[in-house]
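In my numbering, the protein residues as written are 3 to 453.
Given below as structure tokens:
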């Protein structure tokens with residue numbers, strides 16, 4: 003798996019973007035995503051009902067949604083080698099309102115599965131930290147999320163238990179879902195720090211999510227789950243239900259507001275992982291890892307953490323529309339430099355929905371991200387140069403800019419040309435020949451279909 007963050011769940015299934023500050027409780031039992039007419043139904047008409055199956059299941063409280071995302075990506079310059087790849091993701095979601103189905107009021111059941119195929123551009127061509135595509139992962143057919151949720155006290159409290167992915171709920175911006183690069187979902191500072199990328203796309207771990215919503219404007223979420231989706235076992239099909247190893251705890255508070263007719267939201271959160279993490283520069287004896295007199299292994303630190311903040315804000319609302327206009331997001335995060343490759347991370351961007359007259363559902367977006375390589379990692383590079391006398395790049399940062407346009411062809415089908423420019427792939431590291439990996443220009447075309 004390439005690191006750089008998994009995408010939030012809506013973007014996995016086509017890159018859709020929300021354009022209002024969502025005041026709903028993320029963990030609250032609510033109508034299943036496919037309970038309302040899916041966009042493709044308006045095009046397929048009665049054929050979308052599959053001979054009456056869909057409507058019959060819906061009457062019983064069972065809904066399903068099938069999404070396919072495919073893309074061609076090409077790095078025309080830079081990276082470790084130039085090339086063009088195709089990758090794709092087929093995702094099935096099934097939801098059940100247990101109140102309708104069996105009379106269990108306030109309860110919801112969800113299961114989803116993934117079929118991932120193709121070659122990843124970041125894995126084979128770029129070797130960068132912020133993965134170029136949010137659907138890139140090891141090809142596999144696997145279980146995704148599987149959970150049962152109970153809502154009580156008028157949806158003010160919800161408890162979800164099962165196989166959970168942290169990226170489905172946390173660090174998720176309302177305005178970042180349009181972008182293709184994975185770091186705009188679960189950000190790179192988390193993906194490179196957690197064991198095997200942590201409980202984020204395409205992996206889940208057993209856990210519990212508790213959501214509190216004391217007011218319409220204020221909500222709190224905390225999730226406790228397994229840290230390593232592999233542990234001591236393979237996890238080829240997403241069915242590793244074991245609670246091995248350390249715990250991963252993530253919590254987030256959200257305050258939603260409006261300035262006139264412009265919605266916004268502030269998120270403050272953090273995570274803690276109880277695993278052991280190696281020092282990035284020094285051994286247990288206090289020597290540099292590069293020092294031939296030492297063990298060559300970093301001393302162990304118990305636990306790791308990150309603190310983050312996020313702002314979503316609509317800047318302009320087109321009068322007479324529900325959600326057309328200009329929105330922005332900004333996120334920032336910090337992790338301790340002695341046990342992390344990336345210690346400071348910042349991203350942000352702008353999206354405009356309905357910019358072109360007559361195309362109300364198209365989205366134009368531009369965003370950027372910056373991942374600072376910790377001073378301890380850079381210090382180790384300098385130590386290595388000093389002890390070996392061999393010139394090598396000193397790691398400093400990776401950054402990117404992305405420009406994209408998501409065009410609705412018909413309801414339920416989008417095409418999305420995309421451009422990314424990646425500065426210092428891998429944080430300014432050397433390739434196999436010892437030369438610094440050059441900045442990379444990536445062009446792509448994504449299509450997504452929702453049924």
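All C-beta atoms, glycine included, are put in the ideal place defined by N, C-alpha and C.
Identity of the residues DSSP links to residue i by a beta bridge
{"i": "residue 49", "result": "Answer is none; residue 49 lacks a bridge partner."}
{"i": "residue 404", "result": "369, 422"}
{"i": "residue 273", "result": "252, 308"}
{"i": "residue 86", "result": "76"}
{"i": "residue 257", "result": "220, 268"}
{"i": "residue 415", "result": "412, 451"}
{"i": "residue 361", "result": "Looking at the DSSP assignment, residue 361 forms no beta bridge with any residue, so it has no partner."}
{"i": "residue 189", "result": "According to DSSP, residue 189 bridges with nothing at all."}
{"i": "residue 350", "result": "332, 370"}
{"i": "residue 291", "result": "Paired residues: none, contrary to the question."}
{"i": "residue 314", "result": "267, 331"}
{"i": "residue 97", "result": "65, 112"}
{"i": "residue 71", "result": "91, 450"}
Residue j beta carbon less than 9 Å from that of residue i
{"i": "residue 274", "j": "residue 228", "result": "no"}
{"i": "residue 442", "j": "residue 424", "result": "yes"}
{"i": "residue 335", "j": "residue 192", "result": "yes"}
{"i": "residue 89", "j": "residue 122", "result": "yes"}
{"i": "residue 131", "j": "residue 373", "result": "yes"}
{"i": "residue 290", "j": "residue 377", "result": "no"}
{"i": "residue 165", "j": "residue 216", "result": "no"}
{"i": "residue 272", "j": "residue 314", "result": "no"}
{"i": "residue 307", "j": "residue 339", "result": "no"}
{"i": "residue 439", "j": "residue 129", "result": "yes"}
{"i": "residue 225", "j": "residue 172", "result": "yes"}
{"i": "residue 69", "j": "residue 452", "result": "yes"}
{"i": "residue 369", "j": "residue 183", "result": "yes"}
{"i": "residue 178", "j": "residue 331", "result": "yes"}
{"i": "residue 161", "j": "residue 210", "result": "yes"}
{"i": "residue 140", "j": "residue 204", "result": "yes"}
{"i": "residue 316", "j": "residue 264", "result": "yes"}
Distance cut-off 8 Å: residue i Cβ against heavy atoms of the ligand SAM
{"i": "residue 170", "result": "Summarising the ligand content, the structure contains no ligands, and the ligand SAM is consequently not present."}
Close-in-space but distant-in-sequence residues of the same chain around residue i (CB under 6 Å, 5 per side omitted)
{"i": "residue 365", "result": "19, 180, 353, 355, 408"}
{"i": "residue 143", "result": "117"}
{"i": "residue 34", "result": "Since pLDDT at residue 34 reaches only 29, below the 50 mark, its modelled position is unreliable, and the value read off the structure follows with that caveat. 65, 97, listed in sequence order."}
{"i": "residue 51", "result": "57"}
{"i": "residue 239", "result": "144"}
{"i": "residue 83", "result": "127"}
Extent of the continuous beta strand (DSSP E) run through residue i
{"i": "residue 439", "result": "Run containing residue 439: none; DSSP gives neither H nor E here."}
{"i": "residue 398", "result": "Note, residue 398: premise wrong, no beta strand (DSSP E); not H, not E."}
{"i": "residue 335", "result": "327 to 336"}
{"i": "residue 101", "result": "No beta strand (DSSP E) holds residue 101; the alpha helix (DSSP H) holding it covers 100 to 104."}
{"i": "residue 111", "result": "109 to 120"}
Residue interval of the alpha helix (DSSP H) (run including residue i)
{"i": "residue 163", "result": "Taken as a continuous stretch (DSSP letters only), residue 163 belongs to no alpha helix (DSSP H), being part of the beta strand (DSSP E) at 159 to 166."}
{"i": "residue 147", "result": "No alpha helix (DSSP H) contains residue 147, which is instead part of the beta strand (DSSP E) from 142 to 154."}
{"i": "residue 389", "result": "377 to 390"}
{"i": "residue 214", "result": "Here residue 214 belongs to no alpha helix (DSSP H); instead the beta strand (DSSP E) covers 207 to 214."}
{"i": "residue 57", "result": "55 to 61"}
Neighbour flag for residue i against chain C, beta carbons, 9 Å
{"i": "residue 352", "result": "The displayed structure is made up of one protein chain only, and chain C is not part of it."}
Residues of its chain near residue i, where Cβ-Cβ distance is below 7 Å and the 5 sequence neighbours each way are ignored
{"i": "residue 44", "result": "413"}
{"i": "residue 384", "result": "396"}
{"i": "residue 194", "result": "5, 131, 343, 344"}
Proximal residues to residue i (C-beta, below 8 Å), its chain only, five neighbours per side dropped
{"i": "residue 253", "result": "222, 223, 224, 225, 271, 272, 273"}
Quick one: any contact between the stretch 93 to 100 and the stretch 49 to 66, if contact means 3 or more CB pairs under 8 Å?
yes
### Message
Closer than 8 Å is the cut-off here; do at least three beta carbon pairs connect the stretch 430 to 448 with the stretch 73 to 88?
### Response
yes
**Request:** Evaluate contact between the stretch 279 to 286 and the stretch 239 to 246, counting only Cβ atoms and requiring at least three cross-stretch pairs below 8 Å.
**Result:** no
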